[in-house]
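The listed protein sequences correspond, in order, to chains A and B.
In terms of my numbering, the first sequence is residues 125 to 290.
In terms of my numbering, the second sequence is residues 664 to 1089.
C-beta atoms are modelled at their ideal positions from N, C-alpha and C, and glycine is treated no differently.
The structure appears right after this line, and notes come after that.
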Amino acid sequence: MSAVETQEYAPVFTGKTLERLQEILTRYPTKQAALLPALWLVQGERGWISDRNMVEVGEVLGLTPAYVKGVVTFYTMYHQHPVGANFVQVCTTSPCNICGAEDVVKALLAHTGAKELGATSPDGQWTVIEVECLGACGFATPVLVNDDFVESVTPERVPELVRKYK
Amino acid sequence: MGYPHKPHAKETALLSKHFGDPDARTYKGWAKRGGYETWKQAQTMAPAAITDVVKESGLRGRGGAGFPTGLKWSFMPKEKKKPHYLCVNADESEPGTFKDREIMRWTPHALLEGTLIAMRAIQAEVGYIYIRGEFTEPYAIMEQALAEATKAGVLGGHKIHLHRGAGAYICGEETAMMNSIEGKRGNPRIKPPFPAAFGVFGMPTTINNVETLAAVPHILRQGAAWYKAMSLSNPKSTGTKLFSVCGHVRLPGNYEVTMGFPLKDLLHELCGGMRPGRTLKACIPGGSSVPILNREESEGCLLDYEGCVEKGTMLGSGGVIVFDDSADMVYQIMRLARFYAHESCAQCTQCREGTAWTTKILERILAGQGKMADLDLLLDLSDNMTGKTICVLSDSCAAPVVSGIKKFRTEFEDYIAGRKQPVMVA
């Protein structure tokens, strides 16, 4: 379910962001191909992608809002609702799992106060989710905090990691 | 080298030679190490001549399928009537595999050089490097390297763009990747038409893996015969291969060895063996999509395409997942099934339903509510998931389940018969 925006809509694609999109458009023979990069720009600016954002992206690239939503919902990294200021993704697929990834998740939930997977901590600072393979299996357990890829996280290292982003 | 460890005497470091050396990341540092010299040489060669060298070398795709690279290039139209494209598969997401990440992190210019050579061979003006969304650091490093190479004028009229994925394992499947580049959901396409005829934007396209392309400059520089001679077992498997080893070994990391290297030596010598007091129980040698080997099979397996097939598995991407005697195979196989259920694009019924039900049945067994008939049910489901869908994601889910039940059946039966305490809640 998408959260609803109540304020008047401020477009994402103006000024510098619009310029960046225009540069991206030169890389592809179709406008549609700029959809994934355009959605990254929206998420970079707003932290998540609202229904109204999807309408705007559709207008800019000549796509219907339904089409844009179909793509947004396919890719798990696009947020369809607001998340905590720090978004934490922990790999718990087999190679990390046998090295103790589920204990890392427990430690993160406890130290961030997020309590439950996918929920945001009461102070709005943290959302922790489990993800499938992050592609760094030899550095178990890898954790992605926002755009920072942290290797070899153990439950013991969690307090220090959480302090760093507080 | 066995990054992040010191190189081992039994490794053959070609691609991994500069892993861990930040100076090799820069254009200047790379040029000092002979970087882009081979690209200069390639620019004096006819496209077909480049393809011939690669064909002769025996290089096979390192992403998992092992298709001969030169042959793939030769499928592209010789007479150019439309734009040609190269897509570089840097969507490394196969559980157990983390080699392309290291290539991009430490030797981004090696990938760019291989990409440029491949683009000349297939007559492509534009290349897209599709990097998985979670690889924020490799993306930034590749972006910097591309900017430096562009500034230095080495691209020679070719255009290379980075395209960031957004969290979908299936986009590593080549036709799904092309759809994703086109701004679509990453659903695999029915083949034929094959990419060389109708690829990205409907144009002739070749898709190559990062490691495959990083090997190309070495082959061109030192010759097909030199590359072909690197083969310890079967002459159909040539060159070196990066093996990402993870799980229960003392020294997990990326190890580069000559094709045909014994898996036993990789695990017990290069990776330092098991943790103290532990013994090897099982090993998945080619990323999570290939059948599991038991201890005996692992210790007799030679790491090349044919050697793995001989043991009933596949070399795949070279992602080696190691389980010691502490591992709960039922739980880990459930985790792998859950991975495929999560990553199914849901186009094909066998995959969408099959991966989800396989996971549910395994969870039921782990919750102590399984029946003996569930094992046959899982095998029957797996049979319906194999060879019946647009792509092989469904087959990949079945591989660990079928081999797991075959080789570790008593572990499943222990949960079902109540000899083992449930580890999940129904």
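{"Query": "How long is the line joining the alpha carbons of S276 of chain A and I947 of chain B, rounded to whole angstroms?", "Result": "21 Å"}
{"Query": "Thinking just about the alpha-carbon of each residue, which of A:A158, A:K239, A:E254, A:E256 is nearest to the one in G248 of chain A?", "Result": "A:K239"}
{"Query": "So that I know if they touch, is there some Cβ in chain B lying closer than 9 Å to that of E256 of chain A?", "Result": "yes"}
{"Query": "Measuring alpha carbon to alpha carbon, tell me which residue in B:A784, B:F864, B:K1034, B:H668 is nearest Q156 of chain A.", "Result": "B:F864"}
{"Query": "Please work out which residues of its chain come closer than 7 Å, Cβ to Cβ, to K743 of chain B, disregarding the five sequence neighbours upstream and downstream, and give them in chain order.", "Result": "Q786"}
{"Query": "Where does C1014 of chain B fall in DSSP's three states?", "Result": "helix"}
{"Query": "Please identify, using Cβ separations under 8 Å, the residues of the segment 126-151 of chain A that lie next to chain B, in order along the chain.", "Result": "R151"}
{"Query": "Measure the alpha-carbon distance for P939 of chain B versus V985 of chain B and round it to whole angstroms.", "Result": "15 Å"}
{"Query": "Near S245 of chain A, what residues of its chain come up, given a Cβ to Cβ distance below 8 Å and the 5 sequence neighbours on each side ignored?", "Result": "G208, T236, G237, A238, K239, T251"}
{"Query": "For C1014 of chain B, return the contacting residues in chain A, with the cut-off set at a CB-CB distance below 7 Å.", "Result": "Ordered by position in chain A, no residue passes the 7 Å Cβ test against C1014 of chain B, which lies about 15 Å from the chain."}
{"Query": "Taking its Cβ as the centre, do 16 or more other Cβ atoms sit within 10 Å of G654 of chain B, making it buried, or is it exposed?", "Result": "Shown here, chain B extends from 664 to 1089; a query on residue 654 of chain B therefore has no answer."}
{"Query": "Does the beta carbon of F211 of chain A sit closer than 9 Å to a beta carbon anywhere in chain D?", "Result": "Of the protein chains in this structure, namely A and B, none is chain D."}
{"Query": "Could you check whether V873 of chain B and R768 of chain B sit closer than 9 Å to each other, using their CB atoms as the reference points?", "Result": "no"}
{"Query": "What residue does the beta strand (DSSP E) around W250 of chain A start on, and which one ends it?", "Result": "250-255"}
{"Query": "So R827 of chain B contacts chain A; which residues on that side make the cut at Cβ distance below 8 Å?", "Result": "L160, P161, W164"}
{"Query": "Name the two residues that bound the continuous beta strand (DSSP E) containing L678 of chain B.", "Result": "Run containing L678 of chain B: none; DSSP gives neither H nor E here."}
{"Query": "Say whether chain A places a C-beta atom closer than 9 Å to the C-beta of V1064 of chain B.", "Result": "no"}
{"Query": "From the DSSP secondary-structure annotation, give me the bridge partner or partners of P925 of chain B.", "Result": "B:L965"}
{"Query": "Name the two residues that bound the continuous beta strand (DSSP E) containing Q213 of chain A.", "Result": "210-215"}
{"Query": "Which value, in whole angstroms, describes the spacing of the CA atoms of V166 of chain A and L779 of chain B?", "Result": "32 Å"}
{"Query": "Taking only beta-carbon atoms, is N177 of chain A less than 9 Å away from chain B?", "Result": "no"}
{"Query": "In this structure, what does DSSP give as the bridge partners for T868 of chain B?", "Result": "B:Y748"}
{"Query": "What residues from chain B crowd round P219 of chain A, counting only those whose CB sits closer than 7 Å?", "Result": "P758, G759, C909, G910, I984"}
{"Query": "Shortest alpha-carbon distance to K1069 of chain B belongs to which of B:Q995, B:R884, B:R852, B:P954?", "Result": "B:P954"}
{"Query": "So what does DSSP say about H78 of chain A, is it helix, strand or coil?", "Result": "Missing from the structure shown is residue 78 of chain A; chain A here goes from 125 to 290 and no further."}
{"Query": "Just the C-alpha distance for I870 of chain B and A158 of chain A, rounded to the nearest angstrom, thanks.", "Result": "20 Å"}
{"Query": "Taking C-beta pairs closer than 7 Å, name the residues in chain A that R848 of chain B reaches, listed in chain order.", "Result": "G194, V195, F198"}
{"Query": "Find the residues of chain B that neighbour I222 of chain A, judging by a C-beta separation of less than 7 Å, and give them in chain order.", "Result": "G910, H911, F986, A990, Q995"}
{"Query": "Which runs of the alpha helix (DSSP H), 4 residues or longer, sit entirely within the segment 874-914 of chain B?", "Result": "887-891"}
{"Query": "Can you list the residues of chain A that Y647 of chain B reaches, using a CB-CB cut of under 8 Å?", "Result": "Because chain B here runs from 664 to 1089, residue 647 of chain B falls outside it and cannot be looked at."}
{"Query": "Between V912 of chain B and T675 of chain B, which are expected to be in contact by the criterion C-beta below 8 Å, what is the C-beta distance as a whole number of angstroms?", "Result": "So it is not a contact: roughly 20 Å between Cβ atoms."}
{"Query": "How many Å lie between G862 of chain B and P856 of chain B at the Cα?", "Result": "8 Å"}
{"Query": "For P731 of chain B, which beta-bridge partners are listed by DSSP?", "Result": "B:R723"}
{"Query": "Taking 9 Å as the cut-off, decide whether the C-beta atoms of G949 of chain B and G979 of chain B are in contact.", "Result": "yes"}
{"Query": "Looking at the C-beta of G1150 of chain B, does it have a partner C-beta in chain A at a distance below 9 Å?", "Result": "Beyond the ends of chain B as shown, which are 664 and 1089, falls residue 1150 of chain B; an answer cannot be given."}
{"Query": "If you run the structure through DSSP and keep just helix, strand and coil, what is T942 of chain B?", "Result": "coil"}
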